[in-house]
Amino acid sequence: MNRYLTTSERTFLAMAREVTMNPVVMVRCSGPLPVPALRRALVAIQAKHPALRVKVVRGDRPWFSDREVGPIPLKVVERRDDEHWRELVREELNVPHAVEDGPLIRFVLVQGEAASELICTTDHVNADGRSGLFVLRDVLRLIDDPELRLVPLRPRGCFDDYLPHGPWDGRLPDSLRGLWAERTRSLLARVEARGRRGVLGDLGVVAREPLEPAPAAIELVHRRVDAARAEALVRACRSRDNTVLSALVVACAHAGATLEDEAASGLIGCVTPIDIRSMLSPSVGDDFGIFAWAPTSLHPVGPGADFWGLARRTRRIVRAYRSMPALAGMRRLLDAMEFVEGTAFAGLYEQLGRNVLDGLMVVSNLGRVWVPERVAGVEVEGFGFFAMIPNIDFVLGVQSFRGVLELNYCYSPQWIRGAAVEGVADRVEAVLDAAIGLPARGSARQLNF
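Here the numbering used here is used: the first residue of the sequence shown is 129, the next is one more, and so on.
Written out as structure tokens, the structure reads:
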């Protein structure tokens, strides 16, 4: 697969300078996994997906290249105890891929006699969380059935290439975009040199020397909602024609607003990645790539707020975003991003948003996960999903497997205190408990259910 990166992929490549963006998926098993079978499975899965055989060639127009890219790396670690996986997932979140060497995926097997964890780490420059899930699913299937044959897929772009477009699109050729960026930086530099910064300076738009700081560190907080409580939450949502995702978004928004004061109110932004594979034509099936877009919705929360009313509002927003008109709007946004890409205006939208909002978070829901429940004679007991992006309070990766809801909060101490994220996790659990009819506690008492 040899092609130029799309706008979204270039954006993720640039964002990775601020924080490592490695989507991580993991399964927990009740016994050891056979290493030889795992190695054969990695060879087969790499042969299926062209995107698992590439590296990034940097430059003014970075591109994917499949020349001299090695096999998928596998590290086997002796398992110490039931908490060892946390240390290794944290490491996988923080260690960037060698994108200029490839491949943009790696595996870690935490091997023990009584239990094991298999960790798959991809790179957001060409993968979303669901792509990692599909890869891990097929690897487990191949371990269980070495005779299984996977059909090789053709190279894909990312979702940018599937969005509705027309003659009104404002996309610039790369040569003109580079000239625009150069002239814009030059103009703003002259404005700054003459002492006429004004509002431009206040907003941080004026060009400055680029910095290459080390990516921010990533930490995680892990919580589980047992099968009984998770089923009660599903029933409560369905009885109100609602979804667990909408309930989680409202719970997280409330938790973020009440960190310092249980009676506080605020306007919280929530980025909600939405998988659009089923809407794209031609179909992309379970191909590996970026096939989700992440719109931001705004959630006003405060004392006396109607929890289920806010959840209904959230569901309406998510439904609207999962539509062809919304994808056409995303096409317009990408046009705007391409127009200012590489210029001093590129970060203005994000800065303005942070100035208006009282908090910004991501709730990324993989939903009910399907992977084999038994592999090579051992039970697959649990599944986890972890991810991080820059300039965000936290990213909540959530999914349901075997009835258990696992909540993984990833954050950087550069943007929020670890104790604050623990507080968010506590408040989210309290709100979800109140939503299923348990006595309200803490800040959940400020909501009406």
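Yeah, the Cβ is synthetic: ideal placement off N, Cα and C, and Gly gets one too.
Looking at the structure shown, is residue i part of a helix, part of a strand, or coil, going by DSSP?
| i | result |
| --- | --- |
| H212 | helix |
| N576 | strand |
| I445 | helix |
| I173 | helix |
| D194 | coil |
| I87 | Residue 87 cannot be examined here, being either before or after the span of the chain that is shown, 129 to 577. |
| T135 | helix |
| P428 | strand |
| G510 | strand |
| L376 | helix |
| W421 | strand |
| H225 | coil |
| C286 | coil |
| I233 | strand |
| N519 | coil |
| A553 | helix |
| A561 | A quick correction: the sequence has Asp, not Ala, at residue 561. In this structure, D561 counts as helix in the three-state DSSP scheme. |
| H350 | strand |
Report all residues from its chain with a CB closer than 6 Å to the CB of residue i; omit the five preceding and five following residues, and keep chain order.
| i | result |
| --- | --- |
| A433 | L575 |
| R423 | Reading the sequence as shown, one finds Pro at residue 423 and not Arg. For P423, where only same-chain residues beyond five positions count, the Cβ hits under 6 Å are Y449. |
| A172 | L270, L278 |
| R265 | V499 |
| V353 | L533 |
| N493 | L373, V526 |
To the nearest angstrom, how far is it from the Cα of residue i to the Cα of residue j?
| i | j | result |
| --- | --- | --- |
| R138 | R573 | 44 Å |
| V333 | V468 | Interpretation of V333 is limited by its pLDDT of 44, a score under 50 that renders its predicted location unreliable; the figure taken from the coordinates is listed afterwards. Using only the alpha carbons, I get a separation of about 12 Å. |
| A379 | K176 | 40 Å |
| D288 | H427 | 27 Å |
| V446 | W421 | 12 Å |
| P231 | L202 | 12 Å |
| S136 | P567 | 44 Å |
| V412 | G260 | 15 Å |
| V263 | S409 | 22 Å |
| L387 | G198 | 47 Å |
| W191 | H382 | 42 Å |
| D188 | W436 | 48 Å |
| R186 | L141 | 10 Å |
| S193 | L455 | 29 Å |
| P200 | E390 | With the sequence shown as reference, residue 200 is identified as Ile, and Pro is not the correct amino acid for it. Taking the straight line joining both Cα atoms gives about 48 Å. |
| L216 | P500 | 23 Å |
| H414 | L170 | The residue asked about is misnamed: residue 414 is Asp in this sequence, not His. Using only the alpha carbons, I get a separation of about 17 Å. |
| S571 | R167 | 49 Å |
| R218 | M154 | 12 Å |
| C248 | N254 | 14 Å |
| P71 | F419 | The chain is shown from 129 up to 577; residue 71 falls before or after that span and cannot be answered. |
| R366 | G525 | 22 Å |
| M458 | D554 | 35 Å |
| D256 | F513 | 11 Å |
| H225 | A355 | 35 Å |
Taking residue i as the reference, which of the options has the closest Cα?
| i | options | result |
| --- | --- | --- |
| T148 | L166, V223, I564 | V223 |
| P541 | S528, V523, L535 | V523 |
| M143 | A562, F529, E557, I520 | I520 |
| R530 | V556, L560, F514, G495 | G495 |
| G397 | V491, P178, R208 | V491 |
| L291 | A356, S571, A515, S451 | S451 |
| A165 | A464, P274, L281 | P274 |
| I544 | L281, L276, G257, A344 | A344 |
| E196 | D209, E228, D210, H212 | E228 |
| R214 | I233, V353, E245, D256 | E245 |
Tell me which same chain residues have a C-beta within less than 8 Å of the C-beta of residue i, skipping the five on either side of it?
| i | result |
| --- | --- |
| G505 | G159 |
If you check the beta carbons only, do residue i and residue j fall under 8 Å apart?
| i | j | result |
| --- | --- | --- |
| V184 | L237 | no |
| R351 | E509 | no |
| V279 | V549 | no |
| G430 | S393 | yes |
| I271 | V497 | no |
| A358 | L533 | yes |
| L560 | L361 | yes |
| A515 | V152 | yes |
| C286 | T400 | no |
| A439 | S528 | no |
| P518 | E220 | no |
| C538 | I346 | yes |
| V377 | T442 | yes |
| N150 | T250 | yes |
| R234 | D403 | no |
Kindly list the residues whose CB is nearer than 7 Å to the CB of residue i, restricted to its own chain and excluding five residues on each side of it in sequence; keep chain order.
| i | result |
| --- | --- |
| G384 | I396, G487, M489, D521, V552 |
| G240 | P160, R207 |
| R569 | A558 |
| A563 | L361, A364, A375, F435, F577 |
| V372 | L361, V362, C365 |
| L276 | R269, L270 |
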